[in-house]
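*Asks:* Can you read through this structure? Questions will come right after.
Below is the structure:
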């Protein structure tokens, strides 16, 4: 069996689907490993580091003919046409926005696996790409906010007087939000956080943050059975907006992380809220690629409005690409371990497995997932 990893063609993508350490793991599964020349350079991995652990460096055309092809983002149409018939493609394929590629996948009988659709069950935690990457996003969002903020984070007592700690508010307490809370606390900030799910209160407080939320009957059922936040009613959104508006005016830094799978990100930070913040404050919009939690944010730009900086960096995990790639590769290894029969050296899809039935988008020329048909 041959497993390959492609060099990403997206200009904003710095990650790679294989790290040198993960090559050793895939070799144990019985794969021969090939990698496109220069695939790991943007992540800080030289071709030599792959050669040293038993991988082979080849041209892109050869990578596309492998039994299993790994990527971070969906390859382009030309690449999909050149994938080997009946091969397996694994990546963060974003099926909600990439429906135009389904026909090409089916034409070549490609079995495509969307890693971002891994269900949030205990057995699949080691495969959860969204969690591993969001964890790094949350960390990096605070680092970027600190870079743009013109003051110190911790309280400092000096002979010349006291420096007050920065006030940081996190909107959305998923994996990214929790890591942002932890990172901001480590830097010495006073942290508060809000979420529609009341179950997150204990998590926020365990990290030393203050939890703020609109508590009503709707908030008691604000979580899906897969662990994600539901889209709330217009009435709840009004209450939430009022609470955020009252709190945000007192904050130095706001980090918004709210996402709804397959839908546009909810607007949480309005222009009026930004105008109420002190000049020099910073807003980091981690949802910018999904439309943004703030209507003023722009992809890969820092917008200044009323003296407030709104940071809209795309691909936040890619700003710590070496760690992001290493974790992503391990997620894929744990997923592929489900599929590989080591003795027969074959890949087998058991669609009675809850993980596989949630992740496999196309198989044998058909779309398997109902929500994309």
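Numbering (this note's numbering), first residue to last: 99 to 471. Just so it is clear, CB atoms sit at the ideal spot from N, CA and C, and this is done for glycine as well. Just so it is clear, the structure is predicted and the values come from calculations on it, not from any experiment.
How big is the Cα-Cα spacing for residue 239 and residue 147?
*Replies:* To locate residue 239, count along the chain shown from 1; it is residue 141. To locate residue 147, count along the chain shown from 1; it is residue 49. Each residue's alpha carbon lies about 29 angstroms from the other.
*Asks:* Using 9 angstroms as the threshold, is the C-beta distance between residue 71 and residue 206 below it?
*Replies:* Nothing can be reported for residue 71: it is not among the residues displayed for the chain, which extend from 99 to 471.
*Asks:* Measure the beta-carbon distance from residue 50 to residue 355 and round it to whole angstroms, keeping in mind my assumption that it falls under 8 angstroms.
*Replies:* No answer is possible for residue 50: it lies beyond the span of the chain, which begins at 99 and ends at 471.
*Asks:* If you drop the 5 nearest sequence neighbours on each side, which residues of the same chain put their C-beta closer than 6 angstroms to that of residue 250?
*Replies:* Looking up residue 250 in the chain shown gives position 152. Once the five neighbours on either side are set aside, the close Cβ partners of residue 250 are 261.
*Asks:* Let me know the secondary structure DSSP gives residue 268 once reduced to three states.
*Replies:* As a first step, residue 268 is located in the chain shown; it is residue number 170 there, counting from the start. Three-state result, residue 268: strand.
*Asks:* Considering just the uninterrupted stretch of the beta strand (DSSP E) at residue 460, what are its terminal residues?
*Replies:* For the purposes of this step, residue 460 is taken as the residue at position 362 of the chain shown. Start and end: 458-461.
*Asks:* Give every residue of the same chain whose Cβ lies closer than 6 angstroms to the Cβ of residue 456, excluding the five residues on either side of it in the sequence, and list them in chain order.
*Replies:* As a working mapping, residue 456 is identified with position 358 in the chain shown. So the qualifying residues of the chain are 215, 217.
*Asks:* Is the beta carbon of residue 415 closer than 9 angstroms to that of residue 277?
*Replies:* For this step, residue 277 is matched to residue 179 along the chain shown. For this step, residue 415 is matched to residue 317 along the chain shown. It is not a contact, given that the beta carbons lie outside the stated cut-off.
*Asks:* Quick one: using the 10 Å Cβ neighbour count with 16 as the cut-off for buried, is residue 344 buried or exposed?
*Replies:* Counted from its first residue, the chain shown places residue 344 at position 246. Under this definition residue 344 is an exposed residue.
*Asks:* Can you tell me where the beta strand (DSSP E) holding residue 392 begins and where it ends?
*Replies:* Walking along the chain shown from the start, residue 392 turns up at place 294. Unbroken run through residue 392: none, as it is neither H nor E.
*Asks:* From the DSSP secondary-structure annotation, give me the bridge partner or partners of residue 309.
*Replies:* As a working note, residue 309 is residue 211 in the chain shown. DSSP, once it has assigned bridges, lists 291 as partnering residue 309.
*Asks:* Looking at the strands, I want to know which residues DSSP matches up with residue 407.
*Replies:* Taking the first residue of the chain shown as position 1, residue 407 is located at position 309. Answer by DSSP bridge pairing, in chain order: 380, 402.
*Asks:* Quick one: what does DSSP say residue 130 is sitting in, helix, strand or coil?
*Replies:* Here residue 130 refers to the residue found at position 32 when the chain shown is read from its first residue. It is a strand residue.
*Asks:* Take residue 158 as the anchor and find which of 149, 152, 169 has the nearest alpha-carbon.
*Replies:* The residue given as residue 158 occupies position 60 in the chain shown. Nearest C-alpha to residue 158: 169.
*Asks:* Buried or exposed: residue 349, going by 16 or more other Cβ atoms within 10 Å of its Cβ?
*Replies:* By one-based count along the chain shown, residue 349 stands at place 251. Its Cβ being crowded by 16 or more others within 10 Å, residue 349 is buried.
*Asks:* Over the uninterrupted beta strand (DSSP E) stretch that includes residue 477, give me the two end residues.
*Replies:* Here the chain comprises residues numbered 99 to 471, so residue 477 is not present and cannot be evaluated.
*Asks:* Quick one: using the 10 Å Cβ neighbour count with 16 as the cut-off for buried, is residue 295 buried or exposed?
*Replies:* If you number the chain shown from 1, residue 295 lands on position 197. It is buried - the Cβ of residue 295 has at least 16 other Cβ atoms within 10 Å.
*Asks:* Give the DSSP-derived three-state secondary structure of residue 331 in the structure shown.
*Replies:* For this step, residue 331 is matched to residue 233 along the chain shown. Reduced to three states, the DSSP call for residue 331 is coil.
*Asks:* Rounding to the nearest angstrom, what Cα-Cα distance links residue 267 and residue 377 in this structure?
*Replies:* Here residue 267 is taken as the residue at index 169 of the chain shown, counted from 1. Here residue 377 is taken as the residue at index 279 of the chain shown, counted from 1. Those two C-alpha atoms are separated by around 16 angstroms.
*Asks:* Is the CB-CB distance between residue 412 and residue 110 below 9 angstroms?
*Replies:* Taking the chain shown and counting its residues from 1, one reaches residue 412 at position 314. Taking the chain shown and counting its residues from 1, one reaches residue 110 at position 12. Yes.
*Asks:* Here's the rule I'm using: 16 or more other beta-carbon atoms within 10 Å means buried, otherwise exposed. How should residue 118 be labelled?
*Replies:* Indexing the chain shown from 1 puts residue 118 at position 20. Classification of residue 118: buried, given that the 10 Å Cβ count is 16 or more.
*Asks:* Got a sec, what are the start and stop residues for the alpha helix (DSSP H) residue 236 sits in?
*Replies:* Translated into the one-based positions of the chain shown, residue 236 becomes position 138. Start and end: 227-246.
*Asks:* Please report how far the alpha carbon of residue 308 lies from the alpha carbon of residue 134, in whole angstroms.
*Replies:* Residue mapping note: residue 308 aligns to position 210 of the chain shown, counting from 1. Residue mapping note: residue 134 aligns to position 36 of the chain shown, counting from 1. Taking the straight line joining both Cα atoms gives about 47 angstroms.
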